[in-house]
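Trainee:
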Amino acid sequence: MSSSDSENVYASSSEGEEETPSVSRGGGGGKRAKKTIEERYQKKSQLEHILLRPDSYIGSTEISSQQVWVMPEGEMRMQQRVISFPPGLYKIVDEILVNAADVKARETETNATPRARMTAIKVTVDQTQGTIKVWNDGEGIPVAIHKEHKVYVAELIFGQLLTSDNYDDTEARVTGGRNGFGAKLTNIFSSYFEVECADSKRKQKIKVVWTENMSKQEPAVITPFNGAGDFVSVKFKPDLRRFGMSALDDDLVSLLRKRCFDLAGTAGTAVYWNGTRLPVRSFVDYVDLYLGEGAGKKRGGKGKGKKKGKKKGSDVARLPVRSFVDYVDLYLGEGAGKKRGGKGKGKKKGKKKGSDVDSSDDSDADEGEKENGIEQKDDEDKENETPPEKQIIKIHEKMHRWEVVISQTDGSSFSQVSFVNSICTTKGGHHVTHVIEPLLAALVKKANAKNKGGMEIKPPHCWRLWQHLWVFVKCLIENPAFDSQTKETLTTTVSRFGSKCTLSERTINAVAKSPILEGVLLWAQTKAQVELRRQMSVGKTKGRERLTGISKLEDANEAGGRYAQECTLILTEGDSAKTSCLAGLSVVGREKYGVFPLRGKLLNVREASFKQLKENREIQNILRILGLQINDKVQDTRGLRYGSLMIMTDQVSKGSVEKAFFTLVEYDMWRKQAGNLSGWKIKYYKGLGTSTDREFKDYFQALDKHRIKFRWTGSGDGELIDMAFSKKRAEDRKRWLQGYREGTFVDHSMRELTFSDFVNKELVQFSRYDNERSIPQLVDGWKVGQRKVLFAVFKKNTKAEMKVAQLSGYVAEQSAYHHGEQSLQQTIITMAQRFVGSNNLNFLEPVGQFGSRKEGGKDASAPRYIFTKLAPYTRLVFPEADDPLLEYLYEEGQKIEPKYYVPVIPTILVNGSEGIGTGWSSFIPNFNPRDIISNLKRFIAGEEMVRMKPWYRGFKGIIEENATKTAFETISNLKRFIAGEEMVRMKPWYRGFKGIIEENATKTAFETIGLIEKQGEDVVEISELPIKRWTQDYKEWLEEQLPTPDKKDPWISDFRDSSSHEDIKFVVKLAAEKLEGADHEALVKLFRLKSSLSTQNYHLFNADGKVQKYADELEIMKDFAAIRLTFYEKRKAYLIAVSEKEKSILHNRVRFITSVLSGGLIVSNKRRQVLIEELFAKASGTA
């Protein structure tokens, strides 16, 4: 038995007839019918089997209603609607169309000669006669007899089953045929089937006709042929009765016309429908038919006023579809054949960014189709241009064997239109997922980057992105396999595709910038709001019942009850303040007062991310305690658990948050009055914890006196609060802080305070103090904490070593430091560090392990183990002779550090600085002290200073300048300063750094470059890292590049770390192809050996206490030099005054001794007071 007989053959071993019982399938339990064995077990020929069981070969022959894309006659836009048609009938027509398209595919893969070049596929549908004709040129079918089967090739492949030229699976084919059925199925399901083939090589033409479902064949007719090229023509009349139809109706014809547009957009040749060329010339044109732009618009051309339409002398009109893009235009609503660019007169080049992006790498694209990758529109197109709010998204990329267009759906479901070797895969398959899955992964990553801090979009959420995508895919797959003969779904595994579709970064970025991603972000934000509302819900009763589960809350007994409006919630800063507050509540009682301690800095919810809000228990607890619900609009406090909120937090700098006595400003005014300090003990109240229980009871006994009510005065208050806290308004905060005047404070005799006054008189002081701690001073380069350390060390005046932990305590004692000693200890450690990238001149000596470049100083030992002392050169930079001239500050009745020191060189440039304050941030790189001294000498000499490059001690490489820059001088700037010459610009310099420092082309930054050298074909050695790139961090990054089981194409195979705490040495082995042809610049980029030192953030406090932005290091030096020169003058005047005083004292001592010896002054037997009065009388000349 032949295996081809399949399931339709059953044989019996007994002879003769045998009655066998059977049950009728038509009735429920009818009579048993008697059939012979021969009647039950039958054998059918394959042709009979196909006709008997057509669904196994062509799909259902029953008319069914389906929602499909169609292109009705007279329309130029794809329409999706429900039509009624038999899928099997559509399939037999498609078999002939795919055969025609295969000719072009074979031609492309084999680089056919011009004589065999395919130019067109022509389809004619005659609804009246019920016939369909498909004609194509190109490489035809040989008019020759097959030697093995003794029939003409045309008879063999069109009239005998299981014949094909696609059986050689060792050959990589990108055609649609596979199983040897194809056109034979069309023949079998047709009442008339005619094939005509012309062979220009053999100069013959053959015509063969089959009738009655391929059961009858007329003799082949061979005639001479003198044409220039081959062609194949297939004309058939489907056996409509087998499909339950009597004629080719409009529904089916509109589907077949759509299929011809498919070919126009995918096959790469002209396609004609009933004598008219379809206006689709590319895959993008084709996509336009879906997206609503329409295909057929003029997209280029060189001639002025170029005519469109049929060729001269042609008797048929060509359909305006010339490519897959033209075809897609019919779906997108653009229409096929639109003008897409070129050199024509009056060409406009504007198009909305991101609306139509083309990333194709196809050099054979139609001339003028795209310009700079962005599809262009002419004036005619602009008249019909889609409004901005309905801008069509069309992102196109073309590569070898693949062409993809990405658009946007309405968000309800994912849509795809895909083709494999010109076969329309209506249900997609592995080729579609091959394109979509990497795109989704990249988009999820970009969505999370855009939604930073928001609800994380995870892989399970990809369907949210998926349903916003409309993807058009055209590809060529080698030896494709499908789920069935109907070929609706590609099942070939990706590894067998024969090519790979990798979307470019440009395409992915274009999708990420389109509304496709915006829809997903909107969903994520909405989801986040719902999640936050659920998580922070206070319940249906809004917390009117007793609250539980909130740690450390001391709830008022009446909170949420009948007297809730009279209740006050007190927020304190930390547990100790809460304890003190509870002592005060013993005075007013717990019935209407609740206390809740805050932990650390409270979150600014105005700009908080979803993640911050979700994870912030503090905000959630406050909402629950007050009875507030997210998204509820609250007009007043009725319905809440508390009627008022009182903030009782620690004193902040010069501010007046805690008000038991004076602000610092008020105190300074008071103490300057004569005699006020006499008999008084001065005490600084840093926090509420400083107050005793007795003092808190006093506060609450006079609560009305100490409590100030906030009053909202309107939108102006809201504007000021937004200005003070919004991340986007840094420039406004700068202007606000520049307007600050010393002595500004709130009048606490007032019982009400507007939000405007709070911001302008109270908050401004905190912000000012924040800047003083974060942004260094121009003159001495120190921040407040560093200056306090230096003051204490100078005051101790010892060369003995001292533990860092002990020194921090001494600094806090001598300089009235009011913050944590841990912060002070870190400041001391930082001032003593000397590894590459830290200080060029460390003014404290590191005695012990103060950290290394291995971890950027984070590897320093604990403060209790390490010692420090004053560096021997510190007093040379900060002369002791200047100490009496400094302007010292006073706090808690004691003299503390000066307003600023005045070193002999600008130390801010020596060691650099960085910090972030309120409104400003600051970054100053390190410069070479020698270059600085050179420039100062130029300044003194009246010469022009020269620009300097950053310099870091320990740098062992070279300093290069950018080719567009003026030369960097190496002559000492200090000599120029002394000689009165202009100082030259300097580069940053970092002690111990061995890499390269160069200025970028825009002169906005210097770039530090590590050192890397090739050591062989696949080995490089890295001997220096960029500034601020620490060894441990870099080692961990290299480890991330090593091969892992789930990593594809790792570029590093292994590396060895031989670095010390001072020097860098990494020997890296990598893939040879990565190193081949790579120059130094490429290696620097590959190994991330470049970092930037900005020169655009030179913010410093000037001598007047204002934050000032400096253009460059020379401007800093000029301001510093002017102050230092003035200070020399002051020192000179001071020394003269000291000498004059000493001279006067010595002169008067001589006069005293002379007077006593001469008897002019009697000192014996006189009281001291009498003697003093006599001396004063002699000095004034009255005696």
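Here the UniProt record's numbering is used: the sequence shown runs in plain steps of one and ends on residue 1183.
All C-beta atoms, glycine included, are put in the ideal place defined by N, C-alpha and C.
1) Where does G74 land, buried or exposed, given buried means 16+ other C-beta within 10 angstroms?
2) Let's see if you can read the secondary structure: which residues bound the alpha helix (DSSP H) around W1037?
3) Does N911 come out as helix, strand or coil in the three-state DSSP assignment?
4) Would you call the stretch 516-529 and the stretch 556-575 touching, i.e. three or more CB-CB distances under 8 angstroms?
5) Run the CB neighbour count on V316, radius 10 Å, all protein chains shown included, and call it buried at 16 or more, exposed below.
6) Measuring alpha carbon to alpha carbon, tell me which residue in Q612, I622, V530 and T502 is nearest T548.
7) In three-state DSSP terms, what is A1111?
8) Could you spell out where the alpha helix (DSSP H) holding D102 opens and where it closes?
9) Could you tell me the distance, in whole angstroms, from the CA atom of E880 to the CA atom of E1129?
10) Measure from the C-beta of G837 to each C-beta in chain D and report whether the shortest distance is under 8 angstroms.
11) Please report the distance separating the alpha-carbon of E18 from that of Q46.
12) For the beta strand (DSSP E) containing K237, list its first residue and its last residue.
13) Check each candidate in D102, L185, G785 and R257 and name the one with the smallest Cα separation from Q127.
14) Going by DSSP in three states, V784 sits in which element: helix, strand or coil?
15) For A270, list the residues DSSP reports as bridge partners.
16) By a C-beta neighbour count over all protein chains shown, 10 Å radius and 16 as the cutoff for buried, is Q777 buried or exposed?
17) Would a C-beta distance cut-off of 8 angstroms place L613 and I619 closer than the cut-off?
18) Out of curiosity, what's the CA-to-CA distance linking T966 and P950?
19) Buried or exposed: which applies to Q806, given that a residue is buried once 16 or more other Cβ atoms fall within 10 Å of its Cβ?
20) For the beta strand (DSSP E) containing I1052, name the first residue and the last one.
21) Since I932 and I905 are thought to touch, with beta carbons under 8 angstroms apart, how far apart are those beta carbons, to the nearest angstrom?
22) Would you report the Cα separation of F1127 and F1152, rounded to the nearest angstrom?
23) Return yes when the C-beta of L1075 is under 7 angstroms from any heavy atom of the ligand ATP, and no when it is not.
24) Have a look at the DSSP bridge pairing and note the partners of G429.
25) If you measure between the beta carbons of G268 and K445, is that distance less than 8 angstroms?
26) Do F696 and S815 have their C-beta atoms closer together than 8 angstroms?
27) Name the one or two DSSP bridge partners that N136 has.
28) Which ranges would you report for the beta strand (DSSP E) in the stretch 849-883 if only whole runs of at least 3 residues count?
29) Helix, strand or coil: which one does DSSP assign to P988?
30) Please give the ranges of any alpha helix (DSSP H) in the stretch 680-760, keeping only runs that are unbroken, at least 4 residues long and fully inside the region.
31) Shortest alpha-carbon distance to R506 belongs to which of P438, K578, R1056 and E397?
32) Roughly how many angstroms lie between the CA atoms of Q822 and R768, to the nearest whole one?
33) What did DSSP end up calling L1093 once you bin it into helix, strand or coil?
34) Based on DSSP bridge pairs, tell me the residues matched to residue 1184.
35) Between V846 and T868, how many whole angstroms is the CB-CB distance? I'm expecting something under 8 angstroms.
36) Once you ignore the five residues that flank D700 on each side, which residues in its own chain have a CB closer than 6 angstroms to its CB?
Mentor: To lay it out plainly:
1) G74 should be labelled exposed.
2) Element bounds for W1037: T1031 to Q1041.
3) Assigned with DSSP and collapsed to three states, N911 falls in helix.
4) With a cut-off of 8 angstroms, the stretch 556-575 and the stretch 516-529 do not count as touching, because too few Cβ pairs lie within range.
5) Unreliable positioning characterises V316 in this predicted model, as indicated by a pLDDT of 42, which lies under 50. The coordinate reading is nonetheless provided below. By the neighbour-count definition (other C-beta atoms within 10 Å, threshold 16), V316 is an exposed residue.
6) When the alpha-carbon of T548 is set against those of Q612, I622, V530 and T502, the nearest one is in I622.
7) Here A1111 sits in coil by DSSP.
8) Run containing D102: P87 to T110, per the alpha helix (DSSP H) assignment.
9) Taking the straight line joining both Cα atoms gives about 16 angstroms.
10) Absent from the structure is chain D; it holds one protein chain and no more.
11) Because the pLDDT of E18 is 44, which lies under 50, any placement of that residue in the model is unreliable, and the number read from its coordinates should be weighed accordingly. Rounded to the nearest whole angstrom, the CA to CA distance from E18 to Q46 is 27 angstroms.
12) Looking at the DSSP string, the run of the beta strand (DSSP E) that includes K237 is F231 to P238.
13) Minimum Cα distance to Q127 is reached at R257.
14) V784: helix per DSSP, three-state reduction.
15) A120, per the DSSP bridge assignment.
16) Taking all protein chains shown into account, Q777 has 16 or more neighbouring C-beta atoms within 10 Å of its C-beta and is therefore buried.
17) Cβ distance < 8 angstroms, so L613 and I619 count as in contact.
18) Caution applies to T966, whose pLDDT of 33 falls short of 50 and renders its modelled position unreliable; the model cannot decide the point.
19) Label assigned to Q806: exposed.
20) Going by DSSP, I1052 is part of the beta strand (DSSP E) stretching over I1052 to D1057.
21) At roughly 5 angstroms, the Cβ-Cβ gap stays under 8 angstroms, so I932 and I905 are in contact.
22) The alpha-carbon of F1127 is positioned some 37 angstroms away from that of F1152.
23) Only the bare structure without any ligand can be found here, which leaves the ligand ATP out of the picture.
24) Per DSSP, L490.
25) Going by C-beta atoms, G268 is not nearer than 8 angstroms to K445.
26) Cβ atoms of F696 and S815: not closer than 8 angstroms.
27) Checking the DSSP bridge columns, you'll see N136 partnered with I121 and V232.
28) Along the length of the stretch 849-883, whole beta strand (DSSP E) runs at least 3 residues long occupy 867-870, reported in chain order.
29) Residue state, collapsed to three classes: coil.
30) At a cut-off of 4 residues, the continuous stretches assigned as alpha helix (DSSP H) that sit fully inside the stretch 680-760 are 693-701, 703-706, 715-725 and 730-738.
31) Of the listed residues, the one whose Cα sits closest to R506 is E397.
32) Our two residues, Q822 and R768, have alpha carbons roughly 23 angstroms apart in a direct line.
33) Note: L1093 maps to strand in three-state DSSP.
34) Here the chain has residues from 1 to 1183 only, and residue 1184 is not among them.
35) Reading off the sequence shown, one finds Pro at residue 846, where the question assumed Val. P846 to T868, Cβ: 7 angstroms. Contact.
36) The question names Asp, yet the displayed sequence has Phe at residue 700. Taking F700 as the centre and dropping the five residues before and after it, the same chain places the C-beta of G584, V587 and V588 closer than 6 angstroms to its C-beta, in chain order.
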